[in-house]
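Novice:
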Amino acid sequence: MGKQPHVSLTNFAQTYGPIMSLRLGTQVMVVGSSPAAAVEILKTHDRVLSARYVPDMLHVKSLELNYLSMGWAHECNDGWKYLRTLCRTELFLRRICPGLPMAAKGVPFVLASLIHFFDWSLPHGNDLNELDMTEKFGITLQKEQPLLLIPKARK
């Protein structure tokens with residue numbers, strides 16, 4: 354996969370389609386590389402794929418649920434139905450926050466202000482070409498080392 358797995362997965366998706374499975378050691382990973390593929394995997398075929406192991410998921414600390422993953426349960430039993438209901442009623446609501454649409458519209462302006470009103474530099478005077486862009490796998494693709502920048506106010 355290399356240091357930039359998202360590039361490799363994009364190339365695989367162009368060759369093999371938006372849904373594919375990859376074997377990483379002993380684990381089989383199902384990859385959905387488009388929004389339609391994500392809906393297909395997580396909504397349409399959720400019962401079939403609900404027993405898949407997903408690392409780094411949030412676990413429920415409850416003896417009743419035996420520390421099941423919030424994303425994927427081991428089998429479609431009463432605990433799984435309870436988790437699904439909990440997610441549907443508490444986590445994945447369309448109106449989870451009434452101010453969310455307004456906040457979402459304001460984020461680009463706040464981000465643009467931060468970008469344009471400060472000069473940004475890497476810590477310890479490092480060169481931009483030396484920036485580590487290595488990624489790691491999880492439920493989403495993340496940078497292995499977080500990006501650290503130093504803001505300096507423009508005059």
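Just so we're aligned: the sequence shown equals residues 354 to 508 in my numbering.
The beta-carbon is built from N, C-alpha and C at its ideal position, and this holds for glycine as well.
Since we're looking at a predicted model, the values are computed, not measured.
What does Ala506 pair with, by DSSP beta-bridge criteria?
Specialist: As a working note, residue 506 is residue 153 in the sequence shown. Ala506 is bridged to Phe471.
Novice: Compute the distance between the beta-carbons of Asp538 and Gln498, then report whether it is under 8 Å.
Specialist: Because the chain here runs from 354 to 508, residue 538 falls outside it and cannot be looked at.
Novice: Is Gln380 closer than 8 Å to Glu488 when the C-beta atoms are compared?
Specialist: Position 135 of the sequence shown, counted from the first residue, corresponds to residue 488. Position 27 of the sequence shown, counted from the first residue, corresponds to residue 380. It is not a contact, given that the beta carbons lie outside the stated cut-off.
Novice: Quick check on this structure: which residue in Lys508, Ser361, Leu375, Arg441 has the alpha carbon closest to the alpha carbon of Leu395?
Specialist: Counting from 1 along the sequence shown, the entry for residue 395 is found at position 42. It is Arg441.
Novice: Report the three-state DSSP secondary structure of Met410 (helix, strand or coil).
Specialist: Walking along the sequence shown from the start, residue 410 turns up at place 57. With a pLDDT of 48 at Met410, under the threshold of 50, the modelled position of this residue cannot be trusted; read the value that follows with caution. It is coil, neither helix nor strand.
Novice: In the DSSP assignment, find the unbroken alpha helix (DSSP H) run with Gln498 in it and report its ends.
Specialist: Mapped onto the sequence shown, residue 498 falls at position 145. Note, Gln498: premise wrong, no alpha helix (DSSP H); not H, not E.
Novice: Give the C-beta separation of Phe462 and Arg507 to the nearest angstrom, bearing in mind that I take them to be a contact with Cβ-Cβ under 8 Å.
Specialist: As a working note, residue 462 is residue 109 in the sequence shown. As a working note, residue 507 is residue 154 in the sequence shown. So it is not a contact: roughly 18 Å between Cβ atoms.
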